[in-house]
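Trainee: Under my numbering, residues 2 to 514 are what the sequence shown spells out, in order.
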Amino acid sequence: MRPARIAIVALVALVGGGLSACNFAPEHRQPEVATPAVFPGEIPPDAVAAQDVTWEQFFGDAQLKRLIARSLELNQDLAAATARIEQARAFYRIERANQLPQLDAGAAASRNQQPLAVLDPALASSRQTVQFNQFSAQVMVSSFELDFWGRVRNMTASALQQYLATVEGRRAFRLSLIANVASTYYDARAGEEGIALAQRTVETRSYALGVAKDRLDAGVTSLVDFEQSAILLTQAQTQLAEWQRATAAHWNRLWVLVGEDLQREMTGGQPIEAAGQFDALSPGLPSSLLIVRPDIRQAENRLRSANANIGAARAALFPRIALTGSLGYASTELSDLFSSPSQIWNIGAGIGWPIFDYGQRRAAVDLATAQRDELIANYRKTVQTAFSEVATALENRKRFQEQVTAQETAIQAQRRLAETAELRYMNGISIYLEVVDARRGLFNAEQQMLTLRASQLQNGVSLYVALGGGDEQPVVVMAGSPPGTGAPAVEVPAVETPATLAPVPPPGVGAAQ
């Protein structure tokens with residue numbers, strides 16, 4: 002076998018050995034978190050799983066759907082989240098490329114003059130020179146690390162998990178954006194109805210003030226009754242201004258969330274009472290949240306990345322072996338450049354072993370381990386927060402309905418009280434203060450109902466988001482498979498994660514956890 006072929010076989014063998022080396026990354030174990038067996042409360046018989054309902058199906062208000070669609074298209078924070086995915090994917094591709102030898106091709110041509118004494122020591126006394134051409138072409142491996150300890154492989158695995166965490170982060174933000182648009186829209190719609198209610202009340206009380214003035218001029222009523230009517234009017238005017246201020250703020254917030262001002266086009270929307278005819282959502286088993294919640298999946302991806310970082314830091318304690326090599330041709334005549342006698346090659350290896358670095362590399366292992374421990378705590382907190390959000394939204398769903406029913410009864414009673422008080426006053430049976438109290442009570446009850454209905458709708462949105470929603474399916478890494486339906490247009494790389502079994506590390510490195 003020719004020497005060049007022997008060199009190539011040796012290079013391939015070393016590369017293969019490096020790629021099949023050991024791995025010091027800890028085995029990934031999903032942190033244990035105490036969770037309830039089932040969620041509290043009764044589940045409606047017609048309830049559906051949140052992940053089976055897209056936001057287009059969940060929301061019934063056509064104008065709200067339009068706002069959400071525009072926000073998903075124009076929101077700048079979502080655009081930034083998408084750009085972060087592209088950054089993470091590019092970084093992963095860089096790390097993945099480091100696992101393979103990088104080949105460079107080069108060619109050179111030169112015209113040279115050398116003393117004969119340099120070219121041939123036997124002619125040391127000669128003062129003649131010789132001129133000649135030199136041509137070369139070669140393919141080379143500048144430096145390729147044999148990854149015996151898994152340092153490069155774990156850095157690649159860490160980059161992959163960071164990429165997947167970024168994808169899940171975008172999913173989480175997308176759900177949050179949908180929820181914020183819907184909640185702000187409901188506040189704005191409640192505000193529009195509050196403005197209409199306050200305007201009707203101002204008109205009614207302006208008329209009542211005119212009647213009170215006529216009765217005062219006729220000597221039928223007292224100045225106190227007239228002043229009380231005036232106070233009622235100013236209170237309604239104050240509430241009208243407050244509704245207008247708050248509603249304008251809600252529309253301005255929608256402008257930021259959506260990316261453009263659509264308030265003038267948002268006319269004739271559904272009343273707040275009918276705007277949120279949501280499907281009844283089933284929470285399912287608590288364990289399902291670990292699969293569908295993007296924030297939980299993001300936290301776990303980050304934890305996997307941290308485990309890979311530990312493996313890379315441990316591998317840095319061992320020697321690094323790098324290969325260099327080249328294969329090509331060199332000749333003094335261009336016509337003979339690619340002939341067999343002109344073939345050149347070289348292969349070399351270098352080793353670097355850390356001896357004394359003042360504990361820097363071991364400190365890097367400690368740092369990576371501490372970062373992993375922090376992410377374990379963050380993962381547990383994320384899971385606990387998710388369960389709390391679902392349980393709270395389920396409880397609120399029941400209590401809000403009870404409040405709405407009770408408030409409807411209170412409004413009906415307050416309306417009857419106001420009618421009775423006015424009738425008693427007109428017949429001289431009671432004083433005007435009873436009318437004032439009854440009208441004020443009715444106005445306050447109607448305003449409370451608007452706020453209550455908006456809160457009820459917002460709780461429905463919160464439950465949808467807390468259950469993971471059905472807008473985008475989680476990304477599952479499979480070789481050659483694209484992201485799940487609805488996921489951003491990003492490539493899911495086909496690469497294995499850190500090995501599940503970690504070898505026993507050398508003394509002083511610390512056991513795999």
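In this text, a Cβ means the ideal position worked out from N, Cα and C, and glycines have one as well.
Since we're looking at a predicted model, the values are computed, not measured.
Should Q404 be counted as a contact of the ligand GTP given a C-beta to heavy atom distance under 7 Å?
Mentor: Looking at this structure, you won't find the ligand GTP or any other ligand, since it has none at all.
Trainee: Per DSSP, what are the beta-bridge partners of G260 in this structure?
Mentor: Numbered from its first residue, the sequence shown carries residue 260 at position 259. The partner list for G260 (beta bridge, DSSP) is empty, contrary to what the question assumes.
Trainee: Does the beta-carbon of S306 have 16 or more other beta-carbons within 10 angstroms, so that it is buried, or is it exposed?
Mentor: In the sequence shown, counting from the first residue as 1, residue 306 sits at position 305. Answer is buried; the Cβ neighbour count reaches 16.
Trainee: How big is the Cα-Cα spacing for P234 and A50?
Mentor: Working through the sequence shown from its first residue, we reach residue 234 at position 233. Working through the sequence shown from its first residue, we reach residue 50 at position 49. Looking at the sequence shown, residue 234 is not Pro but Leu. C-alpha separation (whole angstroms): 49 Å.
Trainee: Once DSSP output is grouped into helix, strand and coil, what is the label at R85?
Mentor: By 1-based counting over the sequence shown, the position of residue 85 is 84. In the structure shown, R85 sits in a helix (DSSP, three-state: H, G or I).
Trainee: Measuring only the C-alpha atoms, how far is E435 from L198?
Mentor: Here residue 435 refers to the residue found at position 434 of the sequence shown. Here residue 198 refers to the residue found at position 197 of the sequence shown. Distance between the alpha carbons of E435 and L198: 22 Å.
Trainee: Can you tell me the Cα-Cα spacing of Q448 and R85, whole angstroms?
Mentor: For the purposes of this step, residue 448 is taken as the residue at position 447 of the sequence shown. For the purposes of this step, residue 85 is taken as the residue at position 84 of the sequence shown. Whole-angstrom Cα-Cα distance: 44 Å.
Trainee: Can you look up F60 in the DSSP assignment and give me helix, strand or coil?
Mentor: Looking up residue 60 in the sequence shown gives position 59. Reduced to three states, the DSSP call for F60 is coil.
Trainee: Work out the CA separation of S332 and I356 for me, nearest whole Å.
Mentor: Taking the first residue of the sequence shown as position 1, residue 356 is located at position 355. Taking the first residue of the sequence shown as position 1, residue 332 is located at position 331. If you take the alpha carbons of I356 and S332, they lie about 44 Å apart.
Trainee: Helix, strand or coil for Q52? Go by DSSP, reduced to three states.
Mentor: As a first step, residue 52 must be located in the sequence shown, where it is residue number 51. Reduced to three states, the DSSP call for Q52 is helix.
Trainee: My guess is that A446 and A422 are in contact by the Cβ rule of under 8 Å, so how many angstroms apart are they, rounded?
Mentor: As a first step, residue 446 must be located in the sequence shown, where it is residue number 445. As a first step, residue 422 must be located in the sequence shown, where it is residue number 421. Rounded, the Cβ-Cβ distance is 14 Å, inconsistent with contact.
Trainee: Short of 6 Å in beta carbon distance, which residues of its chain neighbour P37, apart from the five on each side in sequence? Order them along the chain.
Mentor: Working through the sequence shown from its first residue, we reach residue 37 at position 36. These residues qualify, in order along the chain: P287.
Trainee: By the three-class DSSP mapping on this structure, what secondary structure does L318 have?
Mentor: Within the sequence shown, the letter at position 317 stands for residue 318. Residue state, collapsed to three classes: coil.
Trainee: Please list the segments of the alpha helix (DSSP H) lying wholly inside the segment 281-342, counting only runs of 4 or more residues, in order along the chain.
Mentor: If we require 4 residues or more, the alpha helix (DSSP H) runs fully inside the segment 281-342 come out as 290-293, 295-316.
Trainee: Which ranges does the alpha helix (DSSP H) cover as unbroken runs of at least 4 residues, wholly within the segment 400-435, from first to last along the chain?
Mentor: Complete alpha helix (DSSP H) runs here, min 4: none at all.
Trainee: Nearest by alpha-carbon distance to T325: which of A89, E146, V384 is it?
Mentor: Stepping through the sequence shown from its first residue, residue 325 is reached at position 324. Ranking the options by Cα distance to T325, first place goes to E146.
Trainee: I'd like the span of the alpha helix (DSSP H) that includes R517, first residue to last.
Mentor: Because the chain is modelled from 2 through 514, residue 517 falls outside the range shown and cannot be assessed.
Trainee: Taking 7 Å as the limit between beta carbons, can you name the residues of its chain near A231, skipping five residues before and five after?
Mentor: Counting from one through the sequence shown, the residue named residue 231 turns up at place 230. L210, listed in sequence order.
Trainee: Within its chain, find whatever has a CB closer than 6 Å to the CB of N99; leave out the 5 residues flanking it on each side and keep chain order.
Mentor: As a working mapping, residue 99 is identified with position 98 in the sequence shown. Excluding sequence neighbours, N99 sits near V153.
Trainee: Using 8 Å as the Cβ pair cut-off and three pairs as the minimum, do the segment 136-150 and the segment 102-112 touch?
Mentor: With the cut-off at 8 Å, the segment 136-150 and the segment 102-112 touch.
Trainee: Do W244 and I196 have their CB atoms nearer than 8 Å?
Mentor: Within the sequence shown, residue 244 is the residue found at index 243, counting from 1. Within the sequence shown, residue 196 is the residue found at index 195, counting from 1. Against a cut-off of 8 Å, the Cβ pair of I196 and W244 comes out as a contact.
Trainee: Once DSSP output is grouped into helix, strand and coil, what is the label at I44?
Mentor: As a position in the sequence shown, residue 44 is number 43, starting the count at 1. DSSP places I44 in coil when its eight states are reduced to three.
Trainee: Among the candidates R416, Q457, Y426, whose CA atom is the shortest distance from the CA of E442?
Mentor: The count along the sequence shown starts at 1 and reaches residue 442 at position 441. In the sequence under discussion, the amino acid at residue 442 is Gly, which differs from the Glu named in the question. Nearest of R416, Q457, Y426 to G442, Cα basis: R416.
Trainee: Using the DSSP secondary-structure output, state which residues sit across from N113 in a beta bridge.
Mentor: The residue labelled residue 113 in the question sits at position 112 within the sequence shown. In the DSSP output, where bridge partners are listed per residue, N113 has F133.
Trainee: Which of the three DSSP states, helix, strand or coil, is assigned to S223?
Mentor: For the purposes of this step, residue 223 is taken as residue 222 along the sequence shown, with counting starting at 1. In this structure, S223 counts as coil in the three-state DSSP scheme.
Trainee: Just tell me which of G351, L258, L176 has its CA closest to the CA of E57.
Mentor: Counting from one through the sequence shown, the residue named residue 57 turns up at place 56. Looking at the Cα atoms, L176 is the closest of the given residues.
Trainee: Quick one: measure Cβ to Cβ for E390 and A467, integer angstroms, because I've assumed they're closer than 8 Å.
Mentor: Mapped onto the sequence shown, residue 390 falls at position 389. Mapped onto the sequence shown, residue 467 falls at position 466. Right, the Cβ-Cβ distance comes to about 4 Å (below 8 Å), so this counts as a contact.
Trainee: Let me see if you follow: with CB-CB separation under 8 Å, is A249 close to chain D or not?
Mentor: Looking for chain D here will not work: only one protein chain is present.
Trainee: Assuming V54 and G471 make a contact with CB atoms under 8 Å, what is their CB distance in whole Å?
Mentor: Numbered from its first residue, the sequence shown carries residue 54 at position 53. Numbered from its first residue, the sequence shown carries residue 471 at position 470. The pair is a contact, with the Cβ atoms about 5 Å apart (cut-off 8 Å).
Trainee: Distance, Cα to Cα, Y433 vs D226?
Mentor: Reading the sequence shown from its first residue, position 432 is the one you call residue 433. Reading the sequence shown from its first residue, position 225 is the one you call residue 226. Going by the C-alpha atoms only, they are around 6 Å apart.
Trainee: Between the Cα of G461 and those of D215, E204, T393, spot the shortest distance and give me the residue it belongs to.
Mentor: Sequence index remark: in the sequence shown, residue 461 carries index 460 (1-based). Among D215, E204, T393, the Cα nearest to that of G461 belongs to T393.
Trainee: Quick check: the segment 343-362 against the segment 306-325, are at least 3 beta-carbon pairs closer than 8 Å?
Mentor: They touch, by the three-pair rule.
Trainee: Given 8 Å as the limit, is there contact between the segment 168-175 and the segment 212-227, that is, 3 or more CB pairs closer than that?
Mentor: As far as the Cβ criterion goes, the segment 168-175 does not touch the segment 212-227, which means the pair count is below three.
Trainee: Excluding the 5 residues preceding and the 5 following E228 in the sequence, name in chain order all residues of the same chain whose CB lies nearer than 6 Å to its CB.
Mentor: By one-based count along the sequence shown, residue 228 stands at place 227. Hits under 6 Å: none found.
Trainee: Check each candidate in I179, Q385, S463, A63 and name the one with the smallest Cα separation from L79.
Mentor: Locating residue 79 in the sequence shown gives position 78, where the first residue counts as 1. Answer by Cα proximity: I179.
Trainee: Compare the C-alpha of R303 against each of A48, A89, R112, V131 and name the closest.
Mentor: As a first step, residue 303 must be located in the sequence shown, where it is residue number 302. Comparing Cα positions, the closest option is A89.
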